[in-house]
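Some notes on the structure that comes next.
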Amino acid sequence: MGIEIEQPCVELSNVAVSETHGEDSPYFAGWKAYDENPYDELSNPSGVIQMGLAENQVSFDLLEKYLEEHPEASTWGKGAPGFRENALFQDYHGLKTFRTAMATFMEKVRGGRVKFDPQRVVLTAGATAANELLTFILANPGDALLVPTPYYPGFDRDLRWRTGVNIVPIHCDSLNNFQITPEALECAYKDAEAMNFKVRGVLITNPSNPLGITIPRSVLEEILDFVTRKNIHLVSDEIYSGSVFSSSEFTSVAEILEGREYKNAERVHIVYSLSKDLGLPGFRVGTIYSYNDKVVTTARRMSSFTLISSQTQHLLASMLSDEKFTENYIETNRERLRKRYEMIIEGLRSAGIECLKGNAGLFCWMNMSPLLEKPTREGELKLWNAILHQVKLNISPGSSCHSSEPGWFRVCFANMTEHTLEIALQRIRHFVERIRTQTESV
Amino acid sequence: MKLLSTKATCNSHGQDSSYFLGWQEYEKNPYDEVMNPEGIIQMGLAENQLSFDLIESWLDKNPDVPGFKSNGKSIFRELALFQDYHGLPSFKKELVDFMAEIRGNKVTFDPNHIVLTAGSTPANETLMFCLAEKGEAFLLPTPYYPGFDRDLKWRTGVEIVPIQCTSSNNFQITEPALQQAYQDAKKRNLRVKGVLVTNPSNPLGTTMSRSELNLLIDFIKDKNMHLISDEIYSGTVYSSPGFVSVMEILKERNDLKDCDVPVGDRVHVVYSLSKDLGLPGFRVGAIYSENEVVVGAATKMSSFGLVSSQTQYLLSAMLGDKKFTKNYISENQKRLKRRQRMLVSGLQKAGISCLKTNNAGLFCWVDMSHLLHSNTFEAEMDLWKKILYEVRLNISPGASCHCTEPGWFRMCFANMSEDTLNLAMKRLKAFVAAESNDNACSKRTSRRKSLSNWVFRLSSRDHREQEER
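If you read the protein sequences in the order shown, they are chains A and B.
Heads up, the numbering used here is the position in the first sequence plus 111, with the first residue counted as 1.
Heads up, the numbering used here is the position in the second sequence plus 5, with the first residue counted as 1.
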């Protein structure tokens with residue numbers, strides 16, 4: 112083997128060579144293991160089952176039925192009369208019919224308890240873009256956003272990478288079911304100050320990823336009071352709002368604002384997407400809803416960097432304007448997710464594993480701390496590795512979500528068939544039995 | 006408070022410039038053959054509307070494709086779930102084949118080196134994020150596309166330093182101009198990371214010559230920097246000398262590996278289907294680079310602006326139809342050529358000439374300097390407003406493209422019908438005739454006065470911003 116000479120390179124930016132994209136974390140190693148050996152019922156029944164992907168695959172039949180019955184949504188009619196106009200349409204205000212349909216859909220998801228003005232809807236290519244865009248608008252490089260832990264690992268990239276903004280965690284733990292407390296908020300604010308970061312806002316995900324729970328109304332009120340006192344922003348990422356098992360259990364920050372007659376509302380911004388509720392992550396449909404006129408205007412201009420394909424806007428304008436379809440979809444989807452949730456909870460319970468009592472989302476927050484050799488991050492990663500390579504399940508370790516307590520894992524349940532879920536639960540049962548027998552025999 | 010970031014409150018998005026006044030006026034009073042024949046004709050929008058029928062007929066013959074079917078089977082689910090930032094493999098393959106076809110297959114592209122982005126707007130911005138730090142600079146030949154001021158600078162903090170080009174040699178890039186720009190950057194304490202060119206050029210509507218391309222390669226080799234070639238108009242070249250991509254030059258030269266970093270690793274191409282195929286709404290752009298680190302970083306960054314999988318699928322099928330693409334490329338070019346001829350001859354009848362090297366793009370670079378009352382940009386603005394309000398044509402003034410010489414305008418010809426183009430030429434001819442028949446000073450002074458009153462009233466109204474390409 113020859114001597115390795117380090118190749119010089121024309122300098123790329125710090126951003127390009129930094130690791131803030133976060134893709135070297137173990138979270139992504141699980142993906143790789145799955146890609147190399149993916150489970151298939153027939154061709155690879157002993158492969159890795161993907162339970163680390165928060166996708167909603169339970170309601171595709173409803174979408175397919177709609178498309179079957181409304182071919183004009185995906186084509187442009189016979190002779191394609193609408194094609195030209197659609198192909199030329201690159202206005203960053205977005206297709207009016209689509210924006211209006213989005214606002215209406217968001218209202219329906221919230222049980223009609225709140226109104227959204229289509230003029231405040233800004234369209235982006237997915238919630239990933241929406242969160243980054245808002246960060247560019249609300250904060251300068253070196254500033255900070257406070258984010259409650261545990262949080263979606265992608266935030267480390269989306270909020271920080273190109274923006275140069277920092278995330279300071281608001282620590283939440285199992286003692287009170289991971290709820291955000293005013294003390295934790297104040298603590299995080301002080302932590303940021305100690306690091307010389309100017310705090311620009313709080314970003315919450317409601318319903319929470321990875322916890323799978325909605326934030327109670329009283330906590331939302333406290334958060335709103337906190338940001339008002341500190342004179343900072345509040346971003347509420349509500350991309351799982353349509354995945355709440357029972358509509359009455361979700362309170363959007365929009366409802367609180369309406370209750371307060373929109374006083375101080377111009378510091379609040381909501382992020383939404385169709386990737387989770389409608390199961391369309393490939394179509395890249397996200398929105399920012401802001402009560403702040405300047406943010407709306409600026410976000411709209413910035414959305415030039417991340418517009419939604421007009422072909423896709425056309426399709427979804429048609430689908431989401433169909434109230435019969437949307438009402439049926441929302442209700443049916445909720446019901447199916449609830450059933451899946453109950454199935455996995457029951458299955459885990461019979462294996463002796465408890466989860467946080469969830470009421471939303473495409474995943475549950477599972478407590479495996481009793482199975483840890485050591486109650487540390489290393490212990491958690493060891494267990495995660497065993498589950499990945501021995502049990503052949505890819506689940507997300509809490510440490511990748513910045514959880515302060517080791518032993519919690521996020522397990523997705525809506526991205527596979529019921530049969531596959533059964534297999535996964537069986538494998539978990541056997542694994543837990545094996546460990547218990549081993550521990551007992553020692 | 007409501008404190009926003011510096012980015013949010015600064016003016017780098019560029020949308021407060023008077024340039025957008027033209028758009029606003031058009032919106033208020035748009036020409037329509039039947040409904041508003043006296044309205045303003047939009048000649049400031051570089052859209053390609055000449056070949057839609059070819060695409061529409063393809064769609065008619067292939068109804069399964071937009072209907073999410075492949076070989077009779079529904080692939081809706083797979084597409085709906087597909088959000089891999091590596092892009093749909095079939096689409097990437099067809100896209101690189103299409104790019105090669107446009108270049109007469111003189112170069113080939115590796116689909117693994119292409120990064121898909123939601124339009125060329127994010128492609129250019131992403132390259133800035135990858136290649137430069139905040140406060141560093143890229144050199145751009147003037148005149149250039151006004152959108153670059155936003156796309157390259159706004160969120161990245163990167164600076165643009167102009168390479169001044171002049172009409173004396175048809176605005177070609179020269180070595181002295183390159184060196185001067187480099188020195189200008191130095192004087193401003195800016196570290197230059199590279200050069201960005203648009204080839205074919207917007208707004209010039211010309212292809213870059215081999216000697217210019219070689220000059221650029223020599224320059225970046227010597228200065229150890231990057232070269233970005235925005236080739237989004239590559240499919241719109243309709244007459245000689247034809248299109249030479251920087252990739253072709255790289256292939257031809259054999260002196261490029263004997264330096265610290267192979268030059269090939271520092272050249273990056275930007276492409277899009279917005280101009281060649283006339284599909285700006287579909288948001289399809291791409292970065293091509295042989296530099297694996299750039300491809301890696303840009304791929305991850307594309308998460309912030311992926312192409313809709315629905316659209317990737319449609320276009321993979323369309324571009325995969327080689328009979329269609331072959332016919333489209335040649336027919337589109339023929340139609341563009343014909344249209345350009347119409348505009349040029351119409352302008353000639355009005356005693357107006359355009360850049361004689363014009364052989365590409367969706368517009369002409371027109372010389373109206375002889376109509377200026379003085380050789381200044383104020384006079385250019387006055388003339389532009391007259392053309393907007395009296396002639397009722399919205400065209401783009403050279404100042405908005407950072408041209409160093411007053412009197413040049415970009416006029417688009419591919420975004421309207423033939424009849425509309427003819428009408429625009431008629432109006433212009435009448436205007437020029439009237440101007441020259443005028444008794445010099447008095448009438449002009451009073452018209453200018455009433456004009457500026459009119460402008461003052463209108464500009465104080467609430468504007469709705471719009472996109473302009």
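Glycine included, each C-beta is placed from N, C-alpha and C at the ideal position.
All values derive from a computational prediction rather than experimental measurement.
| said: Is there a C-beta anywhere in chain B that falls below 7 Å from the one on residue 245(A)? | reply: no
| Does the beta-carbon of residue 250(B) have 16 or more other beta-carbons within 10 angstroms, so that it is buried, or is it exposed? | buried
| Cβ-based contacts, 9 Å cut-off: residues of the segment 382-411 of chain A near chain B | 386, 389, 390, 391, 392, 393, 394, 395, 396, 403, 405, 406, 408, 409, 410, 411
| task | Taking residue 10(B) as the query, report the chain A residues whose CB atoms sit under 7 Å from its CB, ordered along the chain. | result | 247, 248, 249, 250, 251
| field | Which of helix, strand or coil DSSP assigns to residue 35(B) | value | strand
| query | Taking a cut of 7 Å between CB atoms, which residues from the segment 233-252 of chain B lie near chain A? | reply | none
| To the nearest angstrom, how far is it from the Cα of residue 372(B) to the Cα of residue 396(B)? | 17 Å
| query | Relative to the C-alpha of residue 428(B), which residue among 34(B), 318(B), 47(B) is closest? | reply | 47(B)
| task | Mind checking who residue 316(A) pairs with in its DSSP beta bridge? | result | 348(A)
| query | From 505(A), 506(A), 398(A), pick the residue whose C-alpha is nearest to that of residue 241(A); which is it? | reply | 398(A)
| request: Please state if the CB of residue 499(A) and the CB of residue 490(A) are separated by a distance shorter than 7 Å. | output: no
| query | With a CB to CB cut of under 6 Å and the five nearest residues on each side skipped, what residues in its chain are close to residue 59(A)? | reply | This structure does not reach residue 59(A), given that chain A is present from 112 up to 553, and the question cannot be answered.
| Same chain only: Cβ atoms within 6 Å of residue 316(A), ignoring 5 sequence neighbours per side | 348
| said: Considering only their Cβ atoms, is the gap separating residue 198(A) from residue 284(B) smaller than 7 Å? | reply: yes
| field | Bridge partners - residue 47(B), DSSP secondary structure assignment | value | 399(B)
| field | For residue 351(A) and residue 469(A), believed in contact at Cβ under 8 Å, the rounded distance | value | About 11 Å; that fails the 8 Å criterion.
| task | Scan the segment 264-279 of chain A for residues whose Cβ lies nearer than 7 Å to a Cβ of chain B and list them as they occur along the chain. | result | 273
| With burial defined as no fewer than 16 other Cβ atoms inside 10 Å of the residue's Cβ, what is the status of residue 388(A): buried or exposed? | buried
| Complete beta strand (DSSP E) runs within the segment 397-441 of chain A (minimum length 3 residues, chain order) | 397-401
| query | On the three-pair Cβ rule with 8 Å, is the segment 285-303 of chain B touching the segment 123-138 of chain B? | reply | yes
| field | Between the CA atoms of residue 224(A) and residue 372(A) - distance to the nearest angstrom | value | 14 Å
| task | Determine, using beta-carbon pairs with one atom in the segment 150-164 of chain A and one in the segment 510-528 of chain A, whether at least three such pairs fall under 8 Å. | result | yes
| message | Can you pull out the residues from the segment 49-74 of chain B whose beta carbon lies closer than 8 Å to at least one beta carbon of chain A? | response | 52, 54, 57, 60, 61, 64, 65, 68, 71, 72, 73
| query | From the beta carbon of residue 25(B), is the nearest beta carbon of chain A less than 7 Å away? | reply | no
| message | Using CA atoms only, rank isn't needed, just tell me which of 336(A), 346(A), 460(A) is closest to residue 382(A). | response | 346(A)
| field | CA-to-CA distance, residue 201(B) to residue 69(B), given in whole angstroms | value | 41 Å
| message | With a threshold of 7 Å between beta carbons, is residue 314(B) in contact with chain A? | response | yes
| query | What does a CB cutoff of less than 7 Å around residue 208(A) pick up in its chain, not counting 5 residues either side in sequence? | reply | 428, 432
| message | Just to confirm before moving on: does the CB-CB distance between residue 117(B) and residue 280(B) stay below 7 Å? | response | no
| Host alpha helix (DSSP H) of residue 296(B) (start-end) | Looking at the DSSP string, residue 296(B) is not in any alpha helix (DSSP H), and its letter there is neither H nor E.
| query | Quick one: is residue 393(B) buried, meaning 16 or more other Cβ sit within 10 Å of its Cβ, or exposed? | reply | buried
| field | Cβ neighbour criterion (16 or more within 10 Å) applied to residue 406(B) | value | buried
| In chain B, which residues lie with their C-beta within 7 Å of the C-beta of residue 240(A)? | 309, 310
| residue 88(B) touches chain A at which residues, Cβ-Cβ below 7 Å? | 392, 393
| task | Please compile the residues from chain B whose C-beta is within a distance smaller than 8 Å of the C-beta of residue 159(A). | result | Ordered by position in chain B, no residue passes the 8 Å Cβ test against residue 159(A), which lies about 17 Å from the chain.
| What residue from 146(A), 462(A), 396(A), 322(A) has the CA that sits closest to residue 513(A)'s CA? | 322(A)
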